[in-house]
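In terms of the working numbering, the sequence shown is residues 82 to 1238. Everything below concerns the one structure shown next.
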Amino acid sequence: MAPSRRKSGRSAAKSPAPKGSSKATQSPSPEAQDSAHGGSGNDSENCPACTPASKEAMNGSRKENWIECDNCNTWYHWRCAGNGEDVENIAKWYCEPCTLSDPSRQMTLKTPARKSSRKRTQRDYANLNSGLGSDPNRFLRMLETKEIKKDPFRRMKGGELDAWLHDDENALREPIIIEQPDGLGMKMPPKDLTVEHVAEYIGEDTPLEVIDVASQSTASGWNLGKWADYYELEPSKREKVLNVISLEISGTELADMILPPKIVRDLDWVENFWPSTRKGKNNAYPKVQLYCLMGVAGAWTDWHIDFAGSSVYYHILKGSKVFYFIRPTPANLAAYEKWSGSELQYETWLGDMADEVYKVELVEGNTMIIPTGWIHAVHTPIDTLVFGGNFLHSYDVATQLRVREIEINTQVPKKFTFPMFTKLCWYVGDKYLRDMKAPSGFSFPPRVLEGILTLSEYLVSEARILETGSEQAKKEAKENIPTDRVKDAPAMARELRWRVKQAMGYSSDTEEGGAVRRARHAVSGVKRRRPDEDEHPHFRNFKPKAWDVVLTTKEEEGTRRVRARRPADDEDVKREWTEEPSGEDGTEAEVRRAVEREIKVRRTVRGVERQRIERTVEEWISAMSLDVHESMSKLSVADPVPRAPSAMSQRQPRHAATMPADPSHYPPQYAPYPQQQWQPPYNPLFAAASDVLGMGPPPAQPAPYPPPSQYQPSQYAPQPTQYQPSYSSYAPSVASGHSGSSAQMYSPQSTESYQPEFEPRPAYQRAATSASLAPSSAKSKAVDLNAPPFTKEYIDQYRQRIKADPDPEAHFLYAKYLIDAAKNIRTTHADQRSAKKYSEVLIAESLKVIRRLATQGDAYDEAQFFLANCYGTGALGLQVDHERAYHLYLQAAKQNHAAASYRVAVCNEVGAGTKKEPSRAAAFYRKAASLGDTAGMYKLGMILLYGQLGEQKNPREAISWLKRAAEQADEENPHALHQLALLYEDPSGQLVPHDPAYAKSLLTQAAQLGYTPSQYKLGQCYEYGSLTCPVDPRRSIAWYTKAAEKGDAEAELALSGWYLTGSEGVLKQSDSEAYLWARRAANKGLSKAEYAVGYYAEVGIGIKQDIEFAKRWYMRAAAQGNKRAMNRLTEMKRMGNKRNNVARPTRQQAKDECVIS
82 MAPSRRKSGR
92 SAAKSPAPKG
102 SSKATQSPSP
112 EAQDSAHGGS
122 GNDSENCPAC
132 TPASKEAMNG
142 SRKENWIECD
152 NCNTWYHWRC
162 AGNGEDVENI
172 AKWYCEPCTL
182 SDPSRQMTLK
192 TPARKSSRKR
202 TQRDYANLNS
212 GLGSDPNRFL
222 RMLETKEIKK
232 DPFRRMKGGE
242 LDAWLHDDEN
252 ALREPIIIEQ
262 PDGLGMKMPP
272 KDLTVEHVAE
282 YIGEDTPLEV
292 IDVASQSTAS
302 GWNLGKWADY
312 YELEPSKREK
322 VLNVISLEIS
332 GTELADMILP
342 PKIVRDLDWV
352 ENFWPSTRKG
362 KNNAYPKVQL
372 YCLMGVAGAW
382 TDWHIDFAGS
392 SVYYHILKGS
402 KVFYFIRPTP
412 ANLAAYEKWS
422 GSELQYETWL
432 GDMADEVYKV
442 ELVEGNTMII
452 PTGWIHAVHT
462 PIDTLVFGGN
472 FLHSYDVATQ
482 LRVREIEINT
492 QVPKKFTFPM
502 FTKLCWYVGD
512 KYLRDMKAPS
522 GFSFPPRVLE
532 GILTLSEYLV
542 SEARILETGS
552 EQAKKEAKEN
562 IPTDRVKDAP
572 AMARELRWRV
582 KQAMGYSSDT
592 EEGGAVRRAR
602 HAVSGVKRRR
612 PDEDEHPHFR
622 NFKPKAWDVV
632 LTTKEEEGTR
642 RVRARRPADD
652 EDVKREWTEE
662 PSGEDGTEAE
672 VRRAVEREIK
682 VRRTVRGVER
692 QRIERTVEEW
702 ISAMSLDVHE
712 SMSKLSVADP
722 VPRAPSAMSQ
732 RQPRHAATMP
742 ADPSHYPPQY
752 APYPQQQWQP
762 PYNPLFAAAS
772 DVLGMGPPPA
782 QPAPYPPPSQ
792 YQPSQYAPQP
802 TQYQPSYSSY
812 APSVASGHSG
822 SSAQMYSPQS
832 TESYQPEFEP
842 RPAYQRAATS
852 ASLAPSSAKS
862 KAVDLNAPPF
872 TKEYIDQYRQ
882 RIKADPDPEA
892 HFLYAKYLID
902 AAKNIRTTHA
912 DQRSAKKYSE
922 VLIAESLKVI
932 RRLATQGDAY
942 DEAQFFLANC
952 YGTGALGLQV
962 DHERAYHLYL
972 QAAKQNHAAA
982 SYRVAVCNEV
992 GAGTKKEPSR
1002 AAAFYRKAAS
1012 LGDTAGMYKL
1022 GMILLYGQLG
1032 EQKNPREAIS
1042 WLKRAAEQAD
1052 EENPHALHQL
1062 ALLYEDPSGQ
1072 LVPHDPAYAK
1082 SLLTQAAQLG
1092 YTPSQYKLGQ
1102 CYEYGSLTCP
1112 VDPRRSIAWY
1122 TKAAEKGDAE
1132 AELALSGWYL
1142 TGSEGVLKQS
1152 DSEAYLWARR
1162 AANKGLSKAE
1172 YAVGYYAEVG
1182 IGIKQDIEFA
1192 KRWYMRAAAQ
1202 GNKRAMNRLT
1212 EMKRMGNKRN
1222 NVARPTRQQA
1232 KDECVIS
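Shown next as structure tokens:
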């Protein structure tokens, strides 16, 4: 660029040479240029273009703008040589003589300034006066002027909570404090845990959302390692007061040290209603149960309600917290909605709009449970470490839905709402409906029944949207329905409402009534239908609610002989037989009399309902019929041999008959639990199916397939493939319902092997097993294997029952259950020695079963795939054996197992367990793709696109496969979207039409799925305005940040460039951040970043100037062939390690020096 200077009495500053300029690295000052162009060396105020008029206008000003010609390096007054344009906007400029000598030299402008139209968030209440907006202590000073009441909340012991929940009608309506954790059934990390330990357990590179307390806004660019360093600083050395309130730790090593209180686990909807097969690794589910909160002294979290009105458990591991509470009355919630949805939150303290504010102080060891909807703010007086979590429950559903309505009305971003809330509601409603329909009956507390009724009204409102809403509203509502459980959502919702009304004593079963309102009805075009009074009620044929107790007795009162006339077949019996018949003209008959008494009892909302029914039954048998009956009774007819109903006749899962009996007697500690994934040990020796396409998955989250190769955007020639070891290719999924293969994930035939109504779900109380069911109860599930207890008794019982089941799937699930049981027993039992011995016995038994299924008779493909995974990784104590793994993959592939076909192809390509056979690899890639495997489709497309593995190039078929892979792209396989985007970006349009807008759309889809190269590419597009993207610094930084948080070195270097210059209104300039991001990229071996670190060290940006340190980084970059590093080393050697120009570079100059590009 053409650097501009404000001239002063001092010499003009020196700067690095701009791009495209012939100047040396040291720019001469305007004074030095005067004499070069004929001016008086003593008249430093003049330029070659000065005129008497311009001199008079300047009038000796010491702050006149100067500009340098990018060709002849002559300095001019902008007033004299300019055209009226703002000098700060000039990128390149040429003086008049240079322009006349070469008309191609034209002035160019810079990219528009990086400004943001977004309003900054500041909690600067009007009564705090201006000028205090950056003071984090202003909240505390404000509290000193407010009326705060001492809390009236109960202090309880952990062992009292169960009785409190069932006996106290006001339970879960106010916060409670448990001063000591004893009796809570809770597990927490040791008290000596530090923030450094947290970073080690979770990973120092884990991105972290940090809140700047002064502005109550998010501070970007933080990770756990950086936070740990900040946290350990003395309070006086911290430049800002920061706070961390949303570090979710599920699935980490630290999470294994934490167990929420028992009352939370008993109530939590996610814990008890979300299917256990759809939790854990590689499954999307609401991860809100485990949070780590780390605040430093002086931190403040302003007024808020936890998302969806969820309740909270909150344990102080060390430090202390001060809570300020506002009761969730209708008036206070309305005030909160008004406050949070308007500018009032920047001008008014919410406590002034509420009736009362309570103060609660918590110290180390305290645990607090915050019920639904309580509005609260939090102050941290000293450095504090807290563990807690959120949970929804059935005791106050109305308030939960009211808070969600507030979130919708105030347009809370999706990021800050309860994840998958509506889907969770459908799961809860489906489970409650199944319980109500169970033959054994059900019993719920009145408050739970009220909650279920409110929930059912909400689900009915969702069903109405499906029926009468707009197309967009229907689409959104349909996406929220879990089709694995709910097959007919409107019918399920209305049946649930009808049944719960019956249980509560309501007589109406129409569409009327319902307290649930949904904010988006108005925008979706849905109107409530008012049913006509003459309309027939719904569900009139449903059976009434089951009784809690039914006692029946029958008494035989004997027989008697009478005379009575037997009616003819066509005779009307109403007239004579409704009363005592006369014996005139009759024949002799025998009357058998019996009295049946039935007593029914059931709970109602008002108390108990009791019915007593007495029935007298008389059977009049004529003499002729009596003789026939007596003669028939003399025949000896043996009773048929009792036969248990078959699995087919009862429409059960094929493995149902193998379940142990009566799961209703499980001990409380073995309630349904989230499934845990078995993690095999990392095996650095095996490379099959990992990095085959040139890019391995992040170590923290191994993918089921190796991510495909990255190709340069402007290059469409085949790239050499590099292979790095990874265990992801053989990572078994031993805790899921199936093996986690691609056939399960992608193939159209990947449904469960049994009927949909028997899909796995959390276990619930059941009175009988499949063996005791009558044929009329054919649709009742026996036992749910997805949440079994891990006791020796249960295992022995299961083992006996599985022997009689011929189904291989049942045996395979039994084997995987043994693996889960072994892991659970080894980690939970106190006697580790005996637990280890017993777990080894279980593992040996499971391997025996799996080997038999995989090798004997009609081999089971899932068992073959599973066993191959184990041999590939050395899991379950097996020795790594690639040849055996390959053989098993091959056998499963012969049975059309999609994932196994892909693994066979990879092994043949890289020579893992077999010799390299490119043609055979290509054939199996084609087979995997034909079976619906997404990674197989992508790989086959790339093979045909570039003619790899000995295949002829076939661009048309290649693009077809890439498009098919892109159509079913997901978070594990977004690569086809990115590759197609690169093809549509190609200006030549040789393979597909050049379509930058469509390329941008594909990149956006891939980036939203989390694909790092696409995120980095979008960052470039929004920085430079390519692919129809506007120049948008905010979006550019956002996408670079997403990619950098996943460890992309290019994105980290790009962020370094942004921090180097900053962006007004978007990103604050920071030398230290610029250096740290560049260093982070350099540590990954990126040569450009290594050169940048050397440059920063040489110039002194973000680090103390150190020539020797800079030289070491230059040498690292030069070793990778970086020409700029080589040239810089040569220059430093020639000049004796002295750099003439040490001025701070502009962004363009930094790019020229290859610092950030």
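We put the CB at the ideal spot given by N, CA and C, even for glycine. No experiment lies behind these values; they were computed from the predicted model shown.
- Within the same chain, and ignoring the five residues on either side of R346 in sequence, the residues whose Cβ sits closer than 6 Å to its Cβ are E352.
- In this structure, V991 keeps its C-beta atom at 7 Å or more from the C-beta atom of F1005.
- As a beta-bridge residue in DSSP terms, R674 pairs with G639, E699.
- In the DSSP assignment, C373 falls within the beta strand (DSSP E) that extends over 372 to 376.
- The closest CA to that of D901, considering only H892, S920, D886, is found on S920.
- W303 carries a strand assignment under DSSP once its states are collapsed to helix, strand and coil.
- Taking Y983 as reference, the option from Y970, T995, G994 with the minimal CA-CA separation is Y970.
- In the three-state scheme derived from DSSP, where H, G and I count as helix and E and B as strand, F525 is classed as coil.
- Contact check between the segment 425 to 442 and the segment 491 to 506: fewer than three CB pairs, one atom from each, fall below 8 Å, which does not count as touching.
- At the C-beta level, G376 and N304 stay beyond 7 Å of one another.
- Within the same chain, Cβ atoms closer than 7 Å to the Cβ of L928 are found at L957, the five residues on either side in sequence being excluded.
- Across the structure, Q878 and A885 are spaced so that their CA atoms are roughly 12 Å apart.
- Between E285 and G306, the gap from beta carbon to beta carbon is short of 7 Å.
- Across the set Y395, E169, Y895, E290, the C-alpha of Y395 shows the shortest separation from the C-alpha of L265.
- As a beta-bridge residue in DSSP terms, D293 pairs with S298, L323.
- According to DSSP, P288 shares a beta bridge with N304.
- Considered as a whole, the segment 936 to 961 harbours no complete run of any beta strand (DSSP E) with no fewer than 3 residues.
- For H968, the three-state secondary structure derived from DSSP is helix.
- The three-state secondary structure of D436, taken from DSSP, is coil.
- Sequence-distant Cβ neighbours of P500 in its own chain, meaning closer than 6 Å and more than five residues away, are P367.
- Judged by DSSP in its simplified three-state form, K362 adopts coil rather than helix or strand.
- Cβ atoms of K230 and V438 come within 8 Å of each other, at about 7 Å.
- In the three-state reduction of the DSSP assignment, F388 falls in the helix class.
- For E149, no alpha helix (DSSP H) run applies; the uninterrupted beta strand (DSSP E) run containing it begins and ends at 146 to 149, by DSSP.
- Listed in chain order, the non-local C-beta contacts of R932 below 7 Å within the same chain comprise L948, local neighbours out to five positions each way being set aside.
- For the pair L224 and A458, the Cα-to-Cα distance works out to about 11 Å.
- CA-to-CA, the gap between A1155 and F502 works out to about 40 Å.
- Per the coordinates, the alpha-carbon of R683 lies some 37 Å from the alpha-carbon of F388.
- Measuring C-alpha to C-alpha distances from T1093 to each of K1165, P870, D962, G1128 identifies G1128 as the nearest.
- The beta carbon of Y1065 lies closer than 6 Å to those of V1073, D1076, Y1079, A1080 in the same chain, with the five residues before and after it left out.
- In the DSSP assignment, K1044 falls within the unbroken alpha helix (DSSP H) covering 1036 to 1048.
- The C-beta distance from A1170 to A1159 rounds to 5 Å, short enough to fall under 8 Å.
- Spanning the alpha carbons of L547 and L190 requires a straight line of approximately 54 Å.
- Counting along the chain, the unbroken beta strand (DSSP E) around A172 starts and ends at 171 to 173.
- In this structure, the beta-carbon distance from G1091 to E1126 does not fall below 7 Å.
- Excluding sequence positions up to five before and after E1131, its CB lies within less than 6 Å of the CB of Y1097, all in the same chain and listed in chain order.
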